[in-house]
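Have a look at the structure below before the remarks.
Protein chains: 2
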Amino acid sequence: MLKFYYGLGTCSLASHIALEDAGLDYTAERLDLKGNQQNSPDYLAINPKGRVPALVTDRGILTETPAILAFIAQIAPQADLAPLNDPFAFAEVQAFNSYVCSSMHVAHAHRMRGRRWATEESSLEDMRRKVPENVRAGFDLVENKLLRGPWVMGETYTICDPYLFTVADWAKGDSVDIADFPKVAEHHRRIQERAPVQKMLALYKA
Amino acid sequence: MLKFYYGLGTCSLASHIALEDAGLDYTAERLDLKGNQQNSPDYLAINPKGRVPALVTDRGILTETPAILAFIAQIAPQADLAPLNDPFAFAEVQAFNSYVCSSMHVAHAHRMRGRRWATEESSLEDMRRKVPENVRAGFDLVENKLLRGPWVMGETYTICDPYLFTVADWAKGDSVDIADFPKVAEHHRRIQERAPVQKMLALYKA
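Chains Z and A are the protein sequences, given in the same order. Using our numbering, the letters of the first sequence correspond one by one to residues 9 to 214. Using our numbering, the letters of the second sequence correspond one by one to residues 9 to 214.
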């Protein structure tokens, strides 16, 4: 049995949707991030990084969204969430998810999590001012180079799609209007028609 | 035939070593990063992100170190660079590489690439002051939680190892003494005994 630790407003949403897409049997526990539960001794024993998501399996604990997404695709091959038997196509999926993780998520994080990288209030304000520009640059690349449509990788829905949905859902808070990116906006609308996404939105936005 | 674009001092070193580890046939072209060749029209047509590494294959172009590393492991299974037939073990490899990419590399990047995230000189100085603390936190996690020894995943060398080597090689420039992390330091010494690493060090440090 899988156990998934998640937090509202976080990138755990991507893996959470993928767990539903995959039809896997799992339980989920929400961490109280405002109460700093992610840094409690109990949770640090599970994930010493003090972050979500974390996926507890019978073999051990996995962290990092791109790794969890690929794992879900691999253990539920019948759900066809990634091109598992085509190394090049799988690498394209991974490259997309790595870009979301290391560039788009990091750009977003400089709005609320600037203290990870600087100390002075003036620096944090400076970072926050630059967030919309960096978030826009990410969506610009997705819109014009990466998103094939209707799904990220083209005709087939993959583990890239809930991850793009997750960061696109942050855009408004980052003062970026997703409507400026028509393909991203259409992706965002379309994916919300899927039952797993509706279920998770009800959970994350309750 | 594969063609690999790389740059001195960059994370392309990790994939470059893995290409050698895998015994793959490839050509390599060094970009003149000081001359901003990564943002030339010719290169942006190859990688619109304006970054290295990029790997040109007969199917298309791949970017992002974690994706390229997994791709190399998958197309050269005889080199045994990742546990390709064990989704959990493969996910552990991917989780390590994702952490290096999105946390350790990002921590390092705030020293020289702070202008990605802020504008004022005072903010860039503030970021630079915090880099050693963040880089140390990354190696602390690797030392105490992630690095099994002698290789990252234990007895078997994987695509995690050249990536750890690459970021560990940056530590001194980030004012972090790798000797403070005995397992990381021993890993750094041991991996340099490997012929592919020696070959790449000669290329990157010539």
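All C-beta atoms in this analysis are idealised placements derived from N, C-alpha and C, irrespective of residue type, glycine included.
| Query | Result |
| --- | --- |
| Taking Cβ-Cβ distances below 8 Å as the criterion, which residues of the segment 51-80 of chain Z are in contact with chain A? | Pro-56, Lys-57, Thr-65, Arg-67, Gly-68, Leu-70, Thr-71, Glu-72, Thr-73, Pro-74, Ala-75, Ile-76, Ala-78, Phe-79 |
| So, does the CB of Tyr-107 (chain Z) fall closer than 7 Å to a CB anywhere in chain A? | yes |
| The alpha helix (DSSP H) spanning Lys-5 (chain Z) covers which residue range? | The structure shown does not extend to residue 5 (chain Z), since chain Z is modelled only from 9 to 214, so the question has no answer here. |
| So His-118 (chain A) contacts chain Z; which residues on that side make the cut at Cβ distance below 7 Å? | Trp-125 |
| When you compare the CB of Ala-187 (chain Z) with every CB in chain A, is at least one pair closer than 7 Å? | no |
| Measuring CB to CB, does Ala-22 (chain Z) end up less than 7 Å from Thr-73 (chain Z)? | yes |
| Of all the alpha helix (DSSP H) runs that stay within the bounds of the segment 81-136 of chain Z, which reach a length of 4 or more residues? | 95-107, 113-120 |
| What number of angstroms, rounded off, separates the C-alpha of Asp-33 (chain A) from the C-alpha of Met-9 (chain A)? | 7 Å |
| Counting only C-beta atoms, is Gln-200 (chain A) closer than 7 Å to chain Z at any point? | no |
| State yes or no: is the beta carbon of Phe-147 (chain A) nearer than 7 Å to at least one beta carbon in chain Z? | no |
| Just mark Arg-119 (chain A) as buried or exposed, buried being the case when its beta carbon has 16 or more other beta carbons within 10 Å. | buried |
| First and last residue of the beta strand (DSSP E) that includes Phe-12 (chain Z)? | 10-14 |
| Which two residues bound the contiguous beta strand (DSSP E) that contains Leu-21 (chain Z)? | No beta strand (DSSP E) contains Leu-21 (chain Z), which is instead part of the alpha helix (DSSP H) from 20-30. |
| Closest to Gly-122 (chain Z) by C-alpha separation, out of A:Leu-155, A:Lys-138, A:Val-101, would be which residue? | A:Lys-138 |
| Could you pull out every residue in the same chain whose Cβ sits closer than 6 Å to the Cβ of Leu-16 (chain A), ignoring the five residues on either side in sequence? | Tyr-212 |
| CA-CA distance, Tyr-14 (chain A) and His-24 (chain A)? | 8 Å |
| Can you name, in chain order, every residue of its own chain whose Cβ lies under 8 Å from the Cβ of Pro-41 (chain A), other than the five neighbours on each side? | Note that residue 41 (chain A) is Leu in the sequence shown here, rather than Pro. For Leu-41 (chain A), where only same-chain residues beyond five positions count, the Cβ hits under 8 Å are Gly-15, Leu-16, Gly-17, Thr-18, Val-60. |
| Just to confirm, are Glu-37 (chain A) and Pro-204 (chain A) a CB contact at a threshold of 7 Å? | no |
| Can you check which of these residues, A:Asp-94, A:Phe-98, A:Ser-183, A:Thr-71, is closest to Pro-140 (chain A) by C-alpha distance? | A:Ser-183 |
| Would you tell me roughly how many angstroms separate the C-alpha atoms of Ile-186 (chain Z) and Ala-176 (chain Z), rounded to the nearest one? | 7 Å |
| Please tell me whether Gln-46 (chain Z) has its Cβ less than 7 Å away from any Cβ of chain A. | no |
| Let me know the secondary structure DSSP gives Ile-76 (chain Z) once reduced to three states. | helix |
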